[in-house]
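So the structure is just underneath, and the comments pick up after that.
Protein chains: 2
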Amino acid sequence: MKHRAARAIAECELIATMSEEPGRITRRFLTPPMHNVQAHLRARMETLGMTVHVDAVGNLRGLWTPAGASGRRLVLGSHIDTIPDAGAFDGVLGVTLALEWIGLAQELALPLAIEVIAFSEEEGVRFGVPFLGSRAIAGHFDPALLTLKDPEGVTVESAIRDFGLDPARIGEAALHPDAIAFVEIHIEQGPVLEAESLSVAAVNAIVGQSRLSLQFSGHANHAGTTPMRLRHDALAAAAEWIAEVEDIAGRTASMVGTVGKISVEPNAGNVVPGVATVSLDLRHAHDPTRLAAVEELFAKATAIAKRRAIALQRTDHLDQPAVPMDERLTAFLGDAIEAAGLPPKSMPSGAGHDAMVIAARAPTTMLFLRSPGGISHHPAETVREEDVGASLRVGREFLLRLANDIG
Amino acid sequence: MKHRAARAIAECELIATMSEEPGRITRRFLTPPMHNVQAHLRARMETLGMTVHVDAVGNLRGLWTPAGASGRRLVLGSHIDTIPDAGAFDGVLGVTLALEWIGLAQELALPLAIEVIAFSEEEGVRFGVPFLGSRAIAGHFDPALLTLKDPEGVTVESAIRDFGLDPARIGEAALHPDAIAFVEIHIEQGPVLEAESLSVAAVNAIVGQSRLSLQFSGHANHAGTTPMRLRHDALAAAAEWIAEVEDIAGRTASMVGTVGKISVEPNAGNVVPGVATVSLDLRHAHDPTRLAAVEELFAKATAIAKRRAIALQRTDHLDQPAVPMDERLTAFLGDAIEAAGLPPKSMPSGAGHDAMVIAARAPTTMLFLRSPGGISHHPAETVREEDVGASLRVGREFLLRLANDIG
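Those sequence lines, one after another, are chains A and B.
Under our numbering, the first residue of the first sequence is numbered 1, with each subsequent residue one higher.
Under our numbering, the first residue of the second sequence is numbered 408, with each subsequent residue one higher.
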């Protein structure tokens, strides 16, 4: 396993050099370095005896079909695009590890067909909309997406053609009906596993997410001449509410609530703030819990605004339901973690992933690896070789169980 | 008095038309419309029998010397510059009312010399530094101020020459040694008198002011993947502190404390804020009370930062002591208010005024007039004619008392 772990990491570091920008890792959907990444992965897949093609939305797909395999197949995959100035492991590690799982299945001579997908787009950077690759695989790629433009004015449709693909064939990218399970391996991108000294975890859900903004509108007044009791200070109201967000999220298990953005008018040191606008990002794996918290927080804001004689305006931006992972598949993964001699751990994912999209089409689960320092979306993003090795031991146990179950 | 009040208001409205910008009231230090204002006021002063000149820093000065007057003189004045897009009364009303006081002194045949000063600069807009007019009158105009540049690169020295004045003669602008009292009449620019249904108040002090900024530096983390207990949220820390500012200022009599400015990094809805920088503007008439509150608030910030494992950096910008008004002169004004049949009221000024600068040179006090809606530094700024009339009845009583005292 040590050799496989070292290779999976080294592959990520090699792929990291295939970038739009020298010295930084930036690889957006269907940009020229994607050709290099696909050529490299295609060669790796072919060496493993897989049959390879690129679908019409740019996903690289390799299929391993051993002798004696049933029609049913396991699908593994993650994305190979990145944010600008990214780390080397977000997405890519899920592909290089999937190829090591192929090697493990071959070692074990498992009669299990396995497809590996390197998703072409997950981060939403180039066209402002994420999951372009996995939407096509889930079979619900909205044709309107083809008209989206990147900052240079190039449409998704042109980008696909320029890459040598045919947008008319996107429908054919949909997951094969024989796919009975999808597993995405991904770094955690958070600090939980590190805080608990764990290498890996099964993901039981991708959290639901509410995004909204609140605007408190009071009165901008002179900071010297307006007594405290005669103020309608919009920032003081917003600050009181920020404390409520922290309080409610802090006392609700597994909830995260964030006010990440604030703007104040006129934003001058000697003027009582007249308007304060704050964002809310609230996430939880259980939708009713999330929605109740949003309403509780809105009620708190309403009460704060009323007491201060300040106007309140709410704008909802996103209400994305949680996506539970397949229970049976996640239990398999949990068993595999224990069989690999690791402490059992399952957790929700606080970030979105391709698995969230594929889950609508096939039973899906995810395996998380510890993110040292919780650092991701940053050049300092890394993984520990021992954790990668642990994930491979888990993969071996999982493949054994799944092959047995299918067989 | 009704005629005088109406005229004082109409003069302000006329002078408001003398602006750098058509349709808006903007009149910065020594800009062309200042010539028009000075020509208008000079004619008014000369009609009143005053001798008029413009000193080397652009203050228009008229002296009324009646027969039988002693050498000692009362000085009245306020500023005729404005902020951009100003109201018509901030500053200017103090000059038009001073001219009505001259008329009252003449009606009463008081043997009292009175100088009226229309200060050339108070707002600090053109050169970023306020009180250029009153500094010269107080006799401490720092020659380094001559090198300040406006946004067009024009220095104070050039602006003075361009206006037809001689910067070498600024020393001669200092207040005459015979000046035994300075009174500035000004709108309150706040809501206190309106809240108490009062027309006027004597000002007993100009508050001291602390300005500083605090930077809370935590860690920017993923809003979805970072559990609440593992966060070091700089905005949550700042919000907690903003509540402390409101609390301490709210429970300390006559204190005002304002967080008017905030900036957050990276200021994205889905990222836990890594850095939050907030301003503090804290004012009180009693310096030890103000300084103790600043230190209490800094201790609160230190405790908040420590508990959250967040770094804290403090930058002090201003520590301006309070300026008490002359007790005897303010008592005279208080007596005059009562003699005019008005409820007694004295209060601190939360804003700076020329009186603050002149107080270093001569016994000084101020008379405040109600600001409807507390509105100032805005085109909607106004005054009520009945309040202007009340202030003139107070002026009459004050002049009688002062003439009697000097005589």
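Note that beta-carbon positions come from the ideal geometry of N, C-alpha and C, so glycine has one too.
TODO: Name the residue from B/Ala660, B/Gly456 and B/Leu621 whose alpha carbon lies nearest to the alpha carbon of B/Ala645.
DONE: Taking the second sequence and counting its residues from 1, the one referred to as residue 645 of chain B is at position 238. That would be B/Leu621, whose Cα lies nearest to the Cα of B/Ala645.
TODO: Determine the direct distance from the alpha carbon of B/Pro786 to that of A/Ala236, and round the result to whole angstroms.
DONE: As a first step, residue 236 of chain A must be located in the first sequence, where it is residue number 236. As a first step, residue 786 of chain B must be located in the second sequence, where it is residue number 379. Straight-line Cα distance between these residues: approximately 26 Å.
Task: Residues bridged to B/Ala612 (per DSSP) - done: As a working mapping, residue 612 of chain B is identified with position 205 in the second sequence. For B/Ala612, which the question treats as bridged, DSSP gives the partners B/Pro731 and B/Pro755.
Open item on the list: Classify A/Asp405: buried if its beta carbon has 16 or more other beta carbons within 10 angstroms, exposed otherwise.
Closed with: As a position in the first sequence, residue 405 of chain A is number 405, starting the count at 1. Classification of A/Asp405: exposed, given that the 10 Å Cβ count is below 16.
Task: Bridge partner(s) assigned by DSSP for B/Val607 - done: Translated into positions along the second sequence, residue 607 of chain B becomes position 200. Looking at the DSSP output, B/Val607 sits in a beta bridge with B/Leu776.
Task: Cβ-Cβ separation, A/Asp387 to A/Ser199 (assumed contact under 8 Å), whole Å - done: Here residue 199 of chain A refers to the residue found at position 199 of the first sequence. Here residue 387 of chain A refers to the residue found at position 387 of the first sequence. At roughly 4 Å, the Cβ-Cβ gap stays under 8 Å, so A/Ser199 and A/Asp387 are in contact.
TODO: Could you tell me whether any Cβ in chain D is nearer than 8 Å to the Cβ of B/Ser565?
DONE: The structure shown contains no chain D; its protein chains are A and B.
TODO: Tell me whether A/Pro273 is buried or exposed, calling it buried when 16 or more other Cβ atoms sit within 10 Å of its Cβ.
DONE: For the purposes of this step, residue 273 of chain A is taken as residue 273 along the first sequence, with counting starting at 1. Taking a 10 Å sphere around the C-beta of A/Pro273, we find 16 or more other C-beta atoms and assign the residue as buried.
- [ ] Work out the CA separation of A/Leu212 and B/Ile744 for me, nearest whole Å.
- [x] Taking the second sequence and counting its residues from 1, one reaches residue 744 of chain B at position 337. Taking the first sequence and counting its residues from 1, one reaches residue 212 of chain A at position 212. About 54 Å.
Open item on the list: I need the DSSP call for B/Phe371, collapsed to helix, strand or coil.
Closed with: This structure does not reach residue 371 of chain B, given that chain B is present from 408 up to 814, and the question cannot be answered.
Task: Neighbourhood of A/Leu97 by C-beta distance below 6 Å, restricted to the same chain and skipping five residues each side - done: Position 97 of the first sequence, counting from 1, holds the residue named residue 97 of chain A. Only Ala8 and Ile185 meet the Cβ criterion.
- [ ] Give a yes or no on whether 8 Å exceeds the smallest Cβ distance from B/Ala650 to chain A.
- [x] For the purposes of this step, residue 650 of chain B is taken as residue 243 along the second sequence, with counting starting at 1. Cβ-Cβ to chain A under 8 Å: yes for B/Ala650.
Open item on the list: Does the CB of A/Leu369 have a neighbour CB from chain B at under 8 Å?
Closed with: Along the first sequence, read from residue 1 onward, the residue named residue 369 of chain A stands at position 369. Contact with chain B is absent for A/Leu369, since none of that chain's Cβ atoms lies less than 8 Å from the residue's Cβ.
Task: Distance, B/Ser541 Cα to B/Glu529 Cα - done: As a first step, residue 529 of chain B must be located in the second sequence, where it is residue number 122. As a first step, residue 541 of chain B must be located in the second sequence, where it is residue number 134. So the alpha carbons of these two residues sit roughly 8 Å apart.
Task: Straight-line gap, B/Ser426 to B/Ala493 (C-alpha atoms, nearest Å) - done: What you label residue 426 of chain B is simply residue 19 of the second sequence in a count that begins at 1. What you label residue 493 of chain B is simply residue 86 of the second sequence in a count that begins at 1. Near 10 Å, if we compare the C-alpha coordinates of B/Ala493 and B/Ser426.
Open item on the list: So for B/Gly469, helix, strand or coil by DSSP?
Closed with: Along the second sequence, read from residue 1 onward, the residue named residue 469 of chain B stands at position 62. In the three-state reduction of the DSSP assignment, B/Gly469 falls in the strand class.
- [ ] Confirm, please, whether the CB-CB distance from B/Arg777 to B/Glu559 is below 8 Å.
- [x] The residue given as residue 559 of chain B occupies position 152 in the second sequence. The residue given as residue 777 of chain B occupies position 370 in the second sequence. No.
TODO: Measure the Cβ-Cβ separation of B/Val652 and B/Val671 and say whether it is below 8 Å.
DONE: By 1-based counting over the second sequence, the position of residue 652 of chain B is 245. By 1-based counting over the second sequence, the position of residue 671 of chain B is 264. For B/Val652 and B/Val671, no; Cβs fall outside 8 Å.
Open item on the list: Just to confirm before moving on: does the CB-CB distance between B/Ala612 and B/Pro755 stay below 8 Å?
Closed with: Within the second sequence, numbered from 1, the residue matching residue 612 of chain B stands at position 205. Within the second sequence, numbered from 1, the residue matching residue 755 of chain B stands at position 348. With respect to the 8 Å criterion, B/Ala612 and B/Pro755 are classified as neighbours on the basis of their beta carbons.
- [ ] Please go through the same chain and pick out, in chain order, the residues whose beta-carbon is closer than 6 Å to the beta-carbon of B/Glu418, but skip the five residues on each side of it.
- [x] By 1-based counting over the second sequence, the position of residue 418 of chain B is 11. Correct list, in chain order: Thr503.
Task: Beta-carbon neighbours of B/Gly757, restricted to chain A and to distances below 9 Å - done: Position 350 of the second sequence, counted from the start, is the residue given in the question as residue 757 of chain B. By Cβ distance, chain A contributes His222, Ala223, Gly224, Thr225, Thr226 and Pro227.
Task: Neighbour-count burial assignment, B/Gly631, 16 or more Cβ in a 10 Å radius - done: Position 224 of the second sequence, counted from the first residue, corresponds to residue 631 of chain B. Buried, since its Cβ has 16 or more Cβ neighbours within 10 Å.
Open item on the list: Let me see if you follow: with CB-CB separation under 8 Å, is A/Ser199 close to chain B or not?
Closed with: Taking the first sequence and counting its residues from 1, the one referred to as residue 199 of chain A is at position 199. So no, A/Ser199 is outside the interface.
Open item on the list: If you follow the beta strand (DSSP E) that B/Ile669 is in, where does it begin and where does it stop?
Closed with: Start at 1 with the first residue of the second sequence, and residue 669 of chain B comes out as number 262. Counted as a single uninterrupted DSSP element, the beta strand (DSSP E) harbouring B/Ile669 occupies residues Ile669 to Glu672.
- [ ] Just the C-alpha distance for A/Thr47 and A/Leu60, rounded to the nearest angstrom, thanks.
- [x] Locating residue 47 of chain A in the first sequence gives position 47, counting from the first residue. Locating residue 60 of chain A in the first sequence gives position 60, counting from the first residue. The straight-line gap from Cα to Cα measures roughly 15 Å.
Open item on the list: Between which two residues does the beta strand (DSSP E) holding A/Ile185 run?
Closed with: Counting from 1 along the first sequence, the entry for residue 185 of chain A is found at position 185. For A/Ile185, the enclosing beta strand (DSSP E) stretches over residues Ala179 to Ile187.
Open item on the list: Any contact between the region 347-363 of chain A and the region 311-318 of chain A? By contact I mean 3 or more CB pairs, one from each, below 8 Å.
Closed with: Touching, no, given that fewer than three Cβ pairs across the two stretches are closer than 8 Å.
Open item on the list: So for B/Asp573, helix, strand or coil by DSSP?
Closed with: As a working note, residue 573 of chain B is residue 166 in the second sequence. In the structure shown, B/Asp573 sits in coil (DSSP, three-state: anything other than H, G, I, E or B).
Task: DSSP three-state assignment for B/Gly484, whether helix, strand or coil - done: In the second sequence, the residue the question calls residue 484 of chain B occupies position 77. B/Gly484 falls in the strand class under three-state DSSP.
Open item on the list: Please report the distance separating the alpha-carbon of B/Ala450 from that of B/Gly484.
Closed with: The residue you call residue 450 of chain B lines up with position 43 of the second sequence. The residue you call residue 484 of chain B lines up with position 77 of the second sequence. Answer to the nearest angstrom: the Cα atoms are 17 Å apart.
Task: Helix, strand or coil at A/Thr17 [DSSP, three-state] - done: Within the first sequence, the letter at position 17 stands for residue 17 of chain A. It is coil, neither helix nor strand.
Open item on the list: Along the region 678-693 of chain B, where does the CB come closer than 7 Å to a CB of chain A? Name the residues.
Closed with: Listed in sequence order: Val678, Val679, Pro680, Ser686, Asp688 and Arg690.
Open item on the list: What would DSSP say about B/Ser623, mapped onto helix, strand or coil?
Closed with: For the purposes of this step, residue 623 of chain B is taken as residue 216 along the second sequence, with counting starting at 1. According to the sequence shown, residue 623 of chain B is Phe rather than Ser. When secondary structure is reduced to three states using DSSP, B/Phe623 falls in the strand class.
Task: 8 Å Cβ cutoff, B/Asn611 in contact with chain A - done: In the second sequence, residue 611 of chain B corresponds to position 204, counting from 1. No, no contact with chain A.
TODO: Look up B/Val536 in the DSSP assignment and say whether it is helix, strand or coil.
DONE: Working through the second sequence from its first residue, we reach residue 536 of chain B at position 129. Judged by DSSP in its simplified three-state form, B/Val536 adopts coil rather than helix or strand.
Task: CB-CB length for B/Ala729 against B/His693, believed under 8 Å - done: As a position in the second sequence, residue 729 of chain B is number 322, starting the count at 1. As a position in the second sequence, residue 693 of chain B is number 286, starting the count at 1. Between B/His693 and B/Ala729 the Cβ distance is about 7 Å, and since that is below 8 Å, they are a contact.
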